[in-house]
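Some notes on the structure that comes next.
Number of protein chains: 2
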Amino acid sequence: MFAGEGGPRDGHSMVKRSETSARLDDAARAGWLYYVAGRTQDEIASAMGISRQSAQRLVSLAVAERLIKVRLDHPIAACLELADAVRKKYGLRQVEVVPSDPGAGVATVGIAEAAAAEIERWLKKPDPIVLAVGTGRTLKAAVDQLPAIECINHRIVSLTGNITPDGSAAYYNVIFSMADAVKARHFPMPLPVLVTSAEERETLHAQQLVRSTIEMSAQANVTFVGIGELGIDGPLCLDGFLEKDEMMELMRSGAVGEICGWVFDSEGRLLDNPINERVASAPIPSREASVVIGIGKGKRKMKAIRAAVVGHQINGLITDEEVAEYLLKA
Amino acid sequence: MFAGEGGPRDGHSMVKRSETSARLDDAARAGWLYYVAGRTQDEIASAMGISRQSAQRLVSLAVAERLIKVRLDHPIAACLELADAVRKKYGLRQVEVVPSDPGAGVATVGIAEAAAAEIERWLKKPDPIVLAVGTGRTLKAAVDQLPAIECINHRIVSLTGNITPDGSAAYYNVIFSMADAVKARHFPMPLPVLVTSAEERETLHAQQLVRSTIEMSAQANVTFVGIGELGIDGPLCLDGFLEKDEMMELMRSGAVGEICGWVFDSEGRLLDNPINERVASAPIPSREASVVIGIGKGKRKMKAIRAAVVGHQINGLITDEEVAEYLLKA
DNA sequence: CGCGAGGATGAGTAATTGCCCATGAGCAAA
DNA sequence: TTTGCTCATGGGCAATTACTCATCCTCGCG
Chain A
632 MFAGEGGPRD GHSMVKRSET SARLDDAARA GWLYYVAGRT QDEIASAMGI
682 SRQSAQRLVS LAVAERLIKV RLDHPIAACL ELADAVRKKY GLRQVEVVPS
732 DPGAGVATVG IAEAAAAEIE RWLKKPDPIV LAVGTGRTLK AAVDQLPAIE
782 CINHRIVSLT GNITPDGSAA YYNVIFSMAD AVKARHFPMP LPVLVTSAEE
832 RETLHAQQLV RSTIEMSAQA NVTFVGIGEL GIDGPLCLDG FLEKDEMMEL
882 MRSGAVGEIC GWVFDSEGRL LDNPINERVA SAPIPSREAS VVIGIGKGKR
932 KMKAIRAAVV GHQINGLITD EEVAEYLLKA
Chain B
632 MFAGEGGPRD GHSMVKRSET SARLDDAARA GWLYYVAGRT QDEIASAMGI
682 SRQSAQRLVS LAVAERLIKV RLDHPIAACL ELADAVRKKY GLRQVEVVPS
732 DPGAGVATVG IAEAAAAEIE RWLKKPDPIV LAVGTGRTLK AAVDQLPAIE
782 CINHRIVSLT GNITPDGSAA YYNVIFSMAD AVKARHFPMP LPVLVTSAEE
832 RETLHAQQLV RSTIEMSAQA NVTFVGIGEL GIDGPLCLDG FLEKDEMMEL
882 MRSGAVGEIC GWVFDSEGRL LDNPINERVA SAPIPSREAS VVIGIGKGKR
932 KMKAIRAAVV GHQINGLITD EEVAEYLLKA
């Protein structure tokens with residue numbers, strides 16, 4: 632009698648433990664049958680002599696206990712992981728990472744296609760949207776990848792002017808390239824990118840046509856902007872908007888990047904300086920109420936991209952592995 | 632014109648290829664979102680700008696193309712893989728593999744519990760079944776693991792006699808142990824295991840009680856039998872059914888194992904010899920119409936188990952990793 | 001010995017997924 | 001150009017899965 636009673640009692644905690652472990656064993660079994668052998672939960676239930684609900688619980692237990700490991704055997708797996716990590720770390724709405732592909736010579740391989748696909752996704756939406764575009768070589772390359780789309784319900788508006796300092800049309804104003812491929816109403820900004828003074832900007836912005844375009848851009852549902860780095864071979868210098876000494880001065884004051892000409896420091900704050908006073912671009916649309924996707928990749932843009940992200944100049948990002956890894960370490 | 636026409640033509644296969652590859656990329660993306668990120672196919676569809684059905688197709692494509700690899704992080708994963716492989720290789724109905732666990736001293740650790748669980752599964756079925764049991768130490772250990780079950784609809788019948796050569800009750804006749812735990816109608820076989828001659832067997836089998844029990848055993852829905860190895864420390868000798876010289880003679884004639892006393896060769900064929908003529912056990916129930924589960928593990932039983940499997944003496948197996956690996960190599 | 005907390009269970013139901021089919025686009029051969 | 005073929009697409013529906021809730025059981029505690 633003593634032994635009989637003592638046995639079960641002593642065994643109690645052991646039973647507890649072995650029951651927990653047995654439950655995990657069962658969960659593993661069920662998970663294996665479900666994920667590896669491809670059985671249905673009904674089959675598992677009858678095979679294990681339990682109810683379908685219990686089988687379901689075991690399967691989800693196996694998942695919850697991380698007994699089931701899933702991995703993706705494909706080059707983009709790493710990109711997707713990186714994208715998700717970056718999105719979480721910086722609280723971005725969406726992030727896309729493309730392979731860095733150091734072998735390819737062209738600077739915009741991959742990212743242009745990815746950005747084009749994203750633009751296309753928005754343009755395929757049935758409900759009318761306002762899509763705003765900034766400027767930049769990467770963005771231009773993306774737009775050049777767009778297939779012919781007809782979407783007469785959408786409106787496409789440019790955030791930046793289309794006239795360079797020398798009076799010619801700015802090549803990298805992408806809205807005209809876009810108009811070639813996309814059948815939609817386009818609204819360019821009939822302004823220089825940089826004007827000579829804050830006062831001139833006021834005057835120009837007061838024009839009816841300009842004002843309505845700027846107002847429309849503020850209503851954008853989604854915005855695509857290039858992220859530019861500063862430097863004497865950065866786009867602002869290359870395209871003749873700034874002279875070398877202006878650039879040097881700008882960089883001394885802490886500027887690390889620009890979006891649509893708006894220059895910001897390493898924390899993504901727009902600088903309060905003469906250059907930004909002369910930028911004639913429309914303000915970047917709300918990052919609270921709309922999606923603003925920055926596009927950029929490569930070592931030279933790393934600091935600019937990080938700044939744009941932490942300063943919430945953008946809430947979406949399309950970049951490459953290299954930059955994504957930098958953003959995770961930074 | 633020539634260039635214009637040639638371009639697209641030359642580009643054709645390239646476009647084809649890149650489209651295939653792009654489709655795989657999409658499949659990988661969808662698969663990742665589904666399996667790793669845990670999104671629903673609806674979410675994936677709207678995120679990728681496609682219909683739900685297309686998302687579903689991409690996900691299943693990812694699986695079909697083996698982009699998604701699932702593995703189970705649990706000790707029994709290997710057992711399940713082995714079991715499945717053995718089941719497929721030998722066309723068995725069901726196979727269960729338990730860890731070999733070389734550290735444990737007791738020979739029946741693991742397999743007894745597994746067999747008990749399997750017996751319990753059958754006994755829990757609501758529809759009335761006939762469950763037949765053979766003999767053997769392993770089976771006895773399994774039955775001793777059974778909890779108290781009440782299943783008055785089921786019938787449990789023994790395939791083997793319960794009297795040893797010296798006239799005492801055979802300890803390893805498991806039906807009495809089973810009766811202790813399981814509330815069901817039990818039908819022991821009131822016979823010796825081995826009789827002195829084929830004629831005596833005829834006489835005994837002609838008895839009404841014996842005949843009806845044997846007939847019932849032929850109707851068994853499921854049968855659990857131990858698989859015994861031959862040898863001077865095999866169960867037939869240990870329990871005094873055979874003398875050493877009889878055993879040596881048997882092994883010389885090619886016998887490698889026994890089930891319920893029925894001795895078979897390395898291909899699982901029942902031997903046509905004096906011993907089998909004296910076995911008083913009921914025939915093993917049909918492997919076509921019912922489930923006959925053999926139980927056994929360990930190096931010493933390997934050959935016997937392989938023979939039982941290839942000779943279709945059984946169509947179900949509960950064994951350990953060691954034997955399963957041997958069966959896969961053999 | 002009764003009582004409440006915690007956990008497992010199964011029923012029912014909502015959500016999700018898998019599959020079939022009609023449709024139409026794209027392409028090659030006639 | 002027409003015809004026939006292939007294949008991707010989305011609608012619709014059935015199967016499968018996930019979740020919620022009420023209930024039951026067990027265990028610990030007073």
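Those protein sequence lines, which keep their order, are chains A and B.
Oh and the first sequence: position 223 is 854 in the numbering used here, straight run, nothing missing.
Oh and the second sequence: position 84 is 715 in the numbering used here, straight run, nothing missing.
Backbone N, C-alpha and C define an ideal beta-carbon position, used for all residues, glycine too.
Could you confirm whether any beta carbon from chain B is found closer than 8 Å to the beta carbon of residue i?
i                         : result
leucine 948 of chain A    : no
isoleucine 742 of chain A : no
isoleucine 787 of chain A : no
aspartate 656 of chain A  : yes
alanine 708 of chain A    : yes
lysine 755 of chain A     : yes
leucine 711 of chain A    : yes
arginine 752 of chain A   : yes
aspartate 951 of chain A  : no
Cβ closer than 7 Å: which chain B residues qualify as neighbours of residue i?
i                      : result
glycine 722 of chain A : Within chain B, no residue comes near glycine 722 of chain A; the closest Cβ sits about 17 Å away, beyond 7 Å.
leucine 703 of chain A : Ala659, Gly662, Trp663, Val667, Leu698 and Ile699
Considering only DSSP beta bridges, list what residue i is partnered with.
i                     : result
valine 894 of chain A : A:Glu889
serine 789 of chain A : A:Val764
Taking the beta carbon of residue i as the centre, do at least 16 other beta carbons fall within 10 Å, making it buried, or is it exposed?
i                        : result
proline 916 of chain B   : buried
alanine 773 of chain A   : buried
proline 866 of chain B   : buried
proline 757 of chain A   : exposed
arginine 900 of chain B  : exposed
glutamine 684 of chain A : exposed
leucine 840 of chain A   : exposed
valine 838 of chain B    : The question names valine, but residue 838 of chain B in the sequence shown is glutamine. Counting Cβ neighbours within 10 Å, glutamine 838 of chain B comes out exposed, since fewer than 16 surround it.
threonine 769 of chain B : buried
threonine 827 of chain A : exposed
arginine 697 of chain A  : exposed
proline 905 of chain A   : exposed
glutamate 953 of chain A : buried
glycine 888 of chain A   : buried
arginine 883 of chain B  : exposed
glutamate 846 of chain B : exposed
glycine 669 of chain B   : exposed
threonine 739 of chain B : Its pLDDT being 44, under 50, threonine 739 of chain B is placed unreliably in this model, and the value from its coordinates should be taken loosely. So threonine 739 of chain B ends up on the buried side.
In chain A, what lies closer than 7 Å to residue i by C-beta?
i                        : result
aspartate 715 of chain B : Ala668
Please tell me whether residue i has its Cβ less than 8 Å away from any Cβ of chain A.
i                      : result
glycine 942 of chain B : no
glycine 680 of chain B : yes
Confirm the yes/no value for this check: CB of residue i, any heavy atom of the ligand GDP, distance under 7 Å.
i                     : result
valine 940 of chain B : Ligands are entirely absent from the displayed structure, and the ligand GDP is therefore not among its contents.
Inset, instruction - Could you pull out every unbroken beta strand (DSSP E) segment of at least 3 residues lying fully inside the region 791-874 of chain A, listed in chain order? - result: 813-823 and 853-857
Legend entry - alpha helix (DSSP H) segments (min. 4 residues) lying fully within the region 899-955 of chain B: 905-909 and 933-941
Inset, instruction - For the region 665-744 of chain B, list the beta strand (DSSP E) runs that are entirely contained and at least 3 residues long, ordered along the chain. - result: Assignment of beta strand (DSSP E) within the region 665-744 of chain B, counting only whole runs of 3 or more residues, yields 699-703 and 725-729 in chain order.
Legend entry - Entirely enclosed alpha helix (DSSP H) segments - the region 739-785 of chain B, minimum 4 residues: Entirely contained in the region 739-785 of chain B, the alpha helix (DSSP H) runs reaching 4 residues are, in chain order, 742-754 and 768-775.
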